[in-house]
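The numbers in our numbering rise by one with no breaks, and the one at position 36 of the sequence shown is 37.
Virtual Cβ for every residue (Gly too), placed ideally from N, Cα, C.
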Amino acid sequence: MKTCLVVDDSRVIRMVARKILEELNFKVAEAEDGKEALDACTASMPDCVLLDWNMPIMDGLEFLKEMRKLPGGDGVMVVFCTT
2 MKTCLVVDDS RVIRMVARKI LEELNFKVAE AEDGKEALDA CTASMPDCVL
52 LDWNMPIMDG LEFLKEMRKL PGGDGVMVVF CTT
């Protein structure tokens, strides 16, 4: 099963994304900011990331730059989804 990390500071956006992704047979993990997402990727690199741009603590672009430095981080598909 493919894994997707949903990174957004909005609980509602994470909930909607989770519902859609689970219907598409993804295993879903969530993070509410870039730092939490980076910690999740360090523990277990997902196959893809649905990423918000503007978040507290570490924004989407900062997270992306740091994730790409991690082992396996250069092969993860990332989609920015921001409102």
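Just mark residue i as buried or exposed, buried being the case when its beta carbon has 16 or more other beta carbons within 10 Å.
i, result
"F27", "buried"
"V77", "buried"
"F81", "exposed"
"A44", "exposed"
"L65", "buried"
Per DSSP, what are the beta-bridge partners of residue i in this structure?
i, result
"V50", "L6 and V79"
"K28", "T4"
Relative to the C-alpha of residue i, which candidate in the options has its C-alpha closest?
i, options, result
"V8", "L51, L62, A41 and K20", "L51"
"P72", "L39, A18 and T84", "L39"
"V79", "T4, C49 and G61", "C49"
"G61", "R19, L25, D10 and L22", "D10"
I believe residue i touches residue j by the beta-carbon criterion, under 8 Å. Please report the beta-carbon distance rounded to the nearest angstrom.
i, j, result
"C42", "M68", "5 Å"
"R37", "V29", "In the sequence as presented, Arg is not what sits at residue 37; that position holds Glu. About 14 Å separates the two Cβ atoms, so there is no contact after all."
Is there contact here, the stretch 27-39 with the stretch 56-65, by at least three beta-carbon pairs under 8 Å?
yes
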